């Protein structure tokens, strides 16, 4: 169940809460769970001098990597376009993390450059098991150098085991009619500095991972987009590469129907595989209120060196049907089947029923 | 004769195929799908207010002040067609866009002095050059001091009604194009408060949340064109992706996530049927090949994915100070942790050794 409201310009509130129960007869965990993904309220000064977010939310600012916390985030803006941020709270303990944290706190100082962009510096400190687990300083910027050129980067430096934790950089450019857009990027991460400092494996030194590459999107025809991507990668002290070719054809001007084809190859370290993916959105019926669509999706992975007994081809396919009888209701069902390195075959049925109500303000 | 016939048939088939392709690709346009000839009117010196009468006084609501056929025939006294002019001149989607702008923007022509003076091209700059571009982009708005200030204060709501539900993509800033899934993190880093003017926390948490009910490709299984970090069938390549980009995984997942899941699924390293997953010579007494050492330096997260947490004691058994294992620290190792009190130092450095 999710909901949100915005009382211009002072308050935003939103929540998303879900519950689930396992059914052991279908092979699931026999457990019940209720979780809050988001419960947050944001209070804003009407002139934009400050805003404050409280509750459970995703904290992501500056070189601080996205973090799910129960806490607060305050931003103050000076007339000089200087922004001050402070944040802190308890990192959420959930079902995909695996380790708990005690608390975190940090801040960021940034300088706006008008419509040209922002430059900033940040710091955060995270505790685990009663001791310092992560402590990082970092810098970041996002600049619109020209109307066709964007440049952005962020760097973070770990202080507990001193060294570079992460560098991300991107330069993107596009033609005026946006028929072509290209991007150069670089990513360097230190895996041991991403681990909690309480882990024994942080003493082993940093193997580092690097990825640098480029991608290009070309609108070859009004309804046809083509992508090409290529990157050089370094992992486990070996260099390799990855890349893909992708095409999307819209079957109508509004893009209600579309067909996707993709060929992907990765060849670095022990990750050696080729994949082919096909997908489509096929509108079956449409009138003023009702739409019905069919969504087939298929992928096949060819691993170069599968272990014995894992098979040499891993296919996966899904066929979904969606019926929207009006603006509020949406009903969808799907069947998917796959064979992979773990399961010789697996078949799943999926269904989703949703209802959305809205109270417009204008 | 036969060859000529084949050539003609082939030509006709090729022409038909090309025509079908052109239509399918959107290259062949409907002849009635042309933009309104604004530029021709501007070059004739016709003031905008002659056709869009009353627009200079238009408030936030009310009619769009688009010209009617009656207004057109005041000048075009001998129309070539008895139908409504706007059926062919001007695109339906342009008029629809104007309706959407009325719905999603807090905007009043009456509040802009240029409108009253008939100086429309001050904002609608591209009308002089091309027919299709009518609405000013945001960069034009920022040429006024007031709007530039609103931008700096992230006061988007002063002009936009419910950006979060509007679903429009920015055209002149933080362009969401190309592989934006890969790019969005570094773009959002510097201007996260700008992102939140459109995007709700639920959108961020759908991928970055620790307590998600299901990953987006599973929850939105009827949106196959949607890009996501773990797209459908990611499971097939997850182990290879982890080897290729171990730093990527541990941003969100701790190393214990792997062993938790593998244990739950019954595919953890050691079991009665599979035995030890490591090859012979992996570990042994001092002097043996002990392949695990170099392997651990190349992929420490891979080791931690099974031997993390309580499993670390397996390493400590040999590598504690005074134990038979060697010094695991690299030559340039440094740490600000307290060797006596902090983990993991205290596991091996017993008694301040």
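Residue numbers (my numbering), protein chains in the order written: chain A, 141 to 502; chain B, 5 to 357.
We put the beta carbon where it would ideally sit given N, CA and C, even for glycine.
Given the structure is predicted, the values throughout are model-derived calculations rather than measurements.
Under the DSSP definition of a beta bridge, which residues are partnered with residue 385 (chain A)? Along the first chain, read from residue 1 onward, the residue named residue 385 (chain A) stands at position 245. DSSP, once it has assigned bridges, lists A:368 and A:403 as partnering residue 385 (chain A).
Please work out which residues of its chain come closer than 6 Å, Cβ to Cβ, to residue 141 (chain B), disregarding the five sequence neighbours upstream and downstream, and give them in chain order. Position 137 of the second chain holds residue 141 (chain B). Excluding sequence neighbours, residue 141 (chain B) sits near 175 and 176.
Measuring only the C-alpha atoms, how far is residue 502 (chain A) from residue 163 (chain B)? Translated into positions along the first chain, residue 502 (chain A) becomes position 362. Translated into positions along the second chain, residue 163 (chain B) becomes position 159. Low confidence applies here, because residue 502 (chain A) scores a pLDDT of 45, under 50, leaving its location unreliable; read the following figure in that light. Approximately 13 Å between the Cα atoms of the pair.
Coil, strand or helix - residue 502 (chain A) by DSSP: The sequence position of residue 502 (chain A) within the first chain is 362, counting from 1. Because residue 502 (chain A) sits at a pLDDT of 45, beneath the cut-off of 50, its placement in the model cannot be relied upon, and the following sentence gives the value as read from the coordinates. Three-state result, residue 502 (chain A): coil.
Tell me which residues of the region 183 to 204 of chain B have at least one Cβ-Cβ distance to chain A shorter than 9 Å, keeping chain order. 183, 186, 187, 189, 190, 191, 192, 193, 194, 195, 196, 197, 198, 199, 200 and 204
Short check: CB of residue 319 (chain A) to CB of residue 359 (chain A), under 9 Å? Locating residue 319 (chain A) in the first chain gives position 179, counting from the first residue. Locating residue 359 (chain A) in the first chain gives position 219, counting from the first residue. Cβ atoms of residue 319 (chain A) and residue 359 (chain A): closer than 9 Å.
Beta-carbon of residue 233 (chain B) versus every beta-carbon of chain A: anything under 9 Å? Counting from one through the second chain, the residue named residue 233 (chain B) turns up at place 229. So, not an interface residue.
Compute the Euclidean distance between the alpha carbons of residue 61 (chain B) and residue 424 (chain A), then round it to the nearest angstrom. On the second chain, position 57 is the one that residue 61 (chain B) refers to. On the first chain, position 284 is the one that residue 424 (chain A) refers to. When rounded, the distance between both Cα atoms is 45 Å.
Could you name each continuous beta strand (DSSP E) segment of 3 residues or more that falls completely within the region 97 to 175 of chain B, going from the start of the chain to the end? none
Would you mind reading off the limits of the alpha helix (DSSP H) that contains residue 91 (chain B)? Within the second chain, numbered from 1, the residue matching residue 91 (chain B) stands at position 87. Unbroken run through residue 91 (chain B): none, as it is neither H nor E.
Looking only at its own chain, which residues have a Cβ that is under 6 Å from the Cβ of residue 94 (chain B), when we skip the five neighbours before and after it? Start at 1 with the first residue of the second chain, and residue 94 (chain B) comes out as number 90. Excluding positions up to five away in sequence, the list reads 40.
Is the Cβ of residue 165 (chain A) closer than 9 Å to any Cβ of chain B? In the first chain, counting from the first residue as 1, residue 165 (chain A) sits at position 25. Not closer than 9 Å to any Cβ of chain B, the Cβ of residue 165 (chain A) fails to qualify, so no.
My output table needs one value for residue 40 (chain B): the three-state DSSP class, helix, strand or coil. As a position in the second chain, residue 40 (chain B) is number 36, starting the count at 1. DSSP places residue 40 (chain B) in coil when its eight states are reduced to three.
Does the beta-carbon of residue 207 (chain B), which I'm using as the reference point, lie nearer than 8 Å to any heavy atom of the ligand MN? Inclusion of the ligand MN in the displayed structure is not the case, the ligand content being empty and no account of it being possible.
Contact between the region 139 to 155 of chain B and the region 332 to 347 of chain A (3+ Cβ pairs under 8 Å): no
Is it right to say residue 284 (chain B) is buried, meaning 16 or more other beta carbons lie within 10 angstroms of its own, or is it exposed? Taking the first residue of the second chain as position 1, residue 284 (chain B) is located at position 280. Exposed: under 16 other Cβ atoms inside 10 Å.
Going along the chain, which residues of the region 362 to 387 of chain A sit with their C-beta nearer than 9 Å to a C-beta in chain B? 362, 363, 364, 367, 369, 373, 375, 376, 377, 378, 380 and 382
Mind checking residue 291 (chain B): buried by the 16 CB within 10 Å criterion, or exposed? The residue labelled residue 291 (chain B) in the question sits at position 287 within the second chain. That one is exposed.
Quick one: complete alpha helix (DSSP H) runs, 4+ long, within the region 182 to 249 of chain B? 184 to 194, 196 to 199, 205 to 212, 220 to 223 and 242 to 248
Of all the residues that make up the region 184 to 208 of chain A, which are near chain B by a beta-carbon distance shorter than 7 Å? 187, 188, 197, 198, 200, 201, 202, 203, 205, 206 and 208
Run through chain B and tell me which residues come within less than 9 Å of residue 400 (chain A), C-beta to C-beta. Here the question's residue 400 (chain A) lines up with position 260 in the first chain. 228 and 229, listed in chain order.
Count the other C-beta atoms from every protein chain shown that fall within 10 angstroms of the C-beta of residue 187 (chain A), then say buried if there are 16 or more, exposed otherwise. Working through the first chain from its first residue, we reach residue 187 (chain A) at position 47. Exposed, because fewer than 16 other Cβ atoms sit within 10 Å of the Cβ of residue 187 (chain A).
For a quick check, are the C-beta atoms of residue 343 (chain A) and residue 266 (chain B) less than 9 Å apart? Mapped onto the first chain, residue 343 (chain A) falls at position 203. Mapped onto the second chain, residue 266 (chain B) falls at position 262. No, these two residues do not count as a Cβ contact at 9 Å.
Taking residue 426 (chain A) and residue 187 (chain B) to be in contact with their CB atoms under 8 Å, please state how far apart those CB atoms are, rounded to whole angstroms. On the first chain, residue 426 (chain A) is found 286 positions in, with the first residue counted as 1. On the second chain, residue 187 (chain B) is found 183 positions in, with the first residue counted as 1. Their Cβ separation, rounded to whole angstroms, is 33 Å, which puts residue 426 (chain A) and residue 187 (chain B) out of contact at 8 Å.
Could one say the Cβ of residue 484 (chain A) lies closer than 9 Å to chain B's Cβ atoms, at least one of them? Here the question's residue 484 (chain A) lines up with position 344 in the first chain. For residue 484 (chain A), the answer is no, since every Cβ of chain B falls outside 9 Å of its Cβ.
Mind listing the chain A neighbours of residue 237 (chain B)? Cutoff is C-beta to C-beta under 7 Å, in chain order. If you number the second chain from 1, residue 237 (chain B) lands on position 233. Result: 439, 456 and 478.
Determine whether the beta carbon atoms of residue 402 (chain A) and residue 380 (chain A) lie at a separation below 9 Å. Translated into positions along the first chain, residue 402 (chain A) becomes position 262. Translated into positions along the first chain, residue 380 (chain A) becomes position 240. Against a cut-off of 9 Å, the Cβ pair of residue 380 (chain A) and residue 402 (chain A) comes out as no contact.
Locate the alpha helix (DSSP H) running through residue 362 (chain B), then write down its first and last residues. Look at the range of chain B in this structure, 5 to 357, and you will see that residue 362 (chain B) is not part of it.
Can you tell me which residues form a DSSP beta bridge with residue 192 (chain A)? Here residue 192 (chain A) is taken as the residue at index 52 of the first chain, counted from 1. For residue 192 (chain A), which the question treats as bridged, DSSP gives the partners A:183 and A:214.
Report the option in A:471, A:433 and A:411 whose CA atom is closest to the CA atom of residue 445 (chain A). In the first chain, residue 445 (chain A) corresponds to position 305, counting from 1. The option with the nearest alpha carbon to residue 445 (chain A) is A:411.
For residue 502 (chain A), decide whether its Cβ has a neighbour in chain B, counting only Cβ atoms nearer than 9 Å. Along the first chain, read from residue 1 onward, the residue named residue 502 (chain A) stands at position 362. Reliability of the predicted coordinates at residue 502 (chain A) is poor, the pLDDT of 45 falling under 50, and the value obtained from them is presented with this limitation in mind. Yes, residue 502 (chain A) lies at the interface with chain B (some Cβ there is under 9 Å from its Cβ).
For residue 147 (chain A), write down the residues that DSSP places opposite it in a beta bridge. On the first chain, position 7 is the one that residue 147 (chain A) refers to. Looking at the DSSP assignment, residue 147 (chain A) forms a beta bridge with A:151.
So, does the CB of residue 142 (chain A) fall closer than 9 Å to a CB anywhere in chain B? For the purposes of this step, residue 142 (chain A) is taken as the residue at position 2 of the first chain. So, interface residue.
If contact means a Cβ-Cβ distance below 8 Å, which residues of the region 294 to 322 of chain A contact chain B? 294, 299, 300, 301, 302, 306, 308, 309, 310, 312, 314, 318, 321 and 322
Whole-angstrom distance between residue 417 (chain A) and residue 348 (chain B), CA atom to CA atom: By one-based count along the second chain, residue 348 (chain B) stands at place 344. By one-based count along the first chain, residue 417 (chain A) stands at place 277. Cα-Cα distance, rounded: 44 Å.
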